[in-house]
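Please read the structure below before turning to the comments.
Residue numbers (the numbering used here): 126 to 501.
Structure representation (structure tokens):
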């Protein structure tokens, strides 16, 4: 029987099955990129891997410095043998700490995550990175310095020496010793802008007097600039002045990295606890005399990288929680998590899947209309 409206086409259009197969292919493509880490075809991948390797190298240097000082590692607290895990209690311990969080921060791939954060902000060589660190997470400072080193950024560092449990709280191997170890190895060349006691009111009031005296002597021996200012507003103002002077101008400071729970950096307003771990780009209001450096930087529209709540950071970005053994550089779940977060990757695949879906729907409609006009 002849077709009512003309000749049959010589070739049938693509079937819905073929389009469905294209959709399956796209799904396989998504799964492949999800389960395989960032490779060298990604321009950021090599930098992330380099930073992770640099952190691993720095951790080895610090471990050697600790052993040379006659301070053995504790395999029960530090089963990965990093040398960056302190003790439960000492005369320079400030507050309670979470051992699992401290061990999580020693993952060398944390440096890769820092590269990712800096890349999200489009930082360029020479850009200023203001760093405010307590000694509670020394490995997080090492990770930040590794990323800064790889990307050739300018670190502007203020850190304190008091530490929570299992941080850099060994009196004979404080964050001052760790930093000097890295300086001797030329891993970092910059002097800190300032070093403080840390702890309660940034004056070590939660340490015994012998702990405060020991840290004061250590600071004097380094020759680094130090100040004591228990008043929060005055302390924050002093730090902001040091950062601005170190950078040359506020415009040159592109990000503030907070490491740990410093009194001066966090302030005393409970609202700071709502700050999510990792990168925060939205400005929020300065909390008057209760706000710390974080709030002051955010009020200037300077992005914040918040490294304190490591369980949340691990869950959000795919960093392994308390891993044993530590993942080798570049072999972390973090890499595929970040690949999936790539906006270009997301939108390209969304467009592709949408086109496949719309093509399939269009083909079904076309076939349905053809069936309506075709005699049975």
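Beta carbons: idealized from backbone N, C-alpha and C, even for Gly.
Residue environment, residue i, which counts as buried when at least 16 other CB atoms sit within 10 Å
{"i": "residue 306", "result": "buried"}
{"i": "residue 302", "result": "buried"}
{"i": "residue 136", "result": "For residue 136, the predicted model reports a pLDDT of 49, less than 50, meaning its position is unreliable; a value from the coordinates is still stated below. By the neighbour-count rule (16 or more Cβ atoms within 10 Å), residue 136 is not buried but exposed."}
{"i": "residue 431", "result": "buried"}
{"i": "residue 234", "result": "buried"}
{"i": "residue 263", "result": "buried"}
{"i": "residue 222", "result": "buried"}
{"i": "residue 214", "result": "exposed"}
{"i": "residue 483", "result": "exposed"}
{"i": "residue 322", "result": "buried"}
{"i": "residue 338", "result": "exposed"}
{"i": "residue 420", "result": "buried"}
{"i": "residue 203", "result": "buried"}
{"i": "residue 336", "result": "buried"}
{"i": "residue 486", "result": "exposed"}
{"i": "residue 165", "result": "A caution first: residue 165 carries a pLDDT of 38, below 50, which makes its placement in the model too unreliable to give a value."}
{"i": "residue 253", "result": "buried"}
{"i": "residue 503", "result": "The structure shown does not extend to residue 503, since the chain spans only 126 to 501, so no value can be given for it."}
Distance CB(residue i)-CB(residue j) smaller than 9 Å
{"i": "residue 219", "j": "residue 294", "result": "yes"}
{"i": "residue 228", "j": "residue 205", "result": "yes"}
{"i": "residue 286", "j": "residue 210", "result": "no"}
{"i": "residue 224", "j": "residue 454", "result": "no"}
{"i": "residue 257", "j": "residue 176", "result": "no"}
{"i": "residue 392", "j": "residue 417", "result": "yes"}
{"i": "residue 282", "j": "residue 250", "result": "no"}
{"i": "residue 186", "j": "residue 310", "result": "yes"}
Member of the options whose CA lies at the smallest distance from the CA of residue i
{"i": "residue 76", "options": "400, 381, 345, 393", "result": "Within the shown structure, residues of the chain are numbered from 126 to 501, placing residue 76 beyond reach of any answer."}
{"i": "residue 231", "options": "395, 178, 339", "result": "178"}
{"i": "residue 291", "options": "461, 392, 207, 394", "result": "207"}
{"i": "residue 297", "options": "434, 216, 171, 172", "result": "216"}
{"i": "residue 168", "options": "276, 416, 406", "result": "276"}
{"i": "residue 340", "options": "422, 266, 260", "result": "260"}
{"i": "residue 182", "options": "384, 270, 278", "result": "270"}
{"i": "residue 350", "options": "240, 364, 358", "result": "364"}
{"i": "residue 236", "options": "288, 184, 180", "result": "180"}
{"i": "residue 268", "options": "440, 450, 247, 312", "result": "312"}
Heavy atom of the ligand NAD within 8 Å of residue i beta-carbon
{"i": "residue 402", "result": "Because no ligand of any kind appears in the structure shown, any question about the ligand NAD cannot be addressed here."}
For residue i: DSSP bridge partner residues
{"i": "residue 281", "result": "255"}
Worksheet item: What are the uninterrupted segments assigned as alpha helix (DSSP H) that are 4 or more residues long and contained completely in the segment 159-225, given in chain order?
Response: 170-193
Discussion item. If we require 4 or more residues per run, which alpha helix (DSSP H) segments fall completely within the segment 317-376?
Written reply: 334-347, 357-372
Discussion item. Could you tell me which whole alpha helix (DSSP H) segments of length 4 or greater appear in the segment 375-460?
Written reply: 388-391, 418-424, 435-442
Worksheet item: Of all the alpha helix (DSSP H) runs that stay within the bounds of the segment 233-257, which reach a length of 4 or more residues?
Response: 234-245
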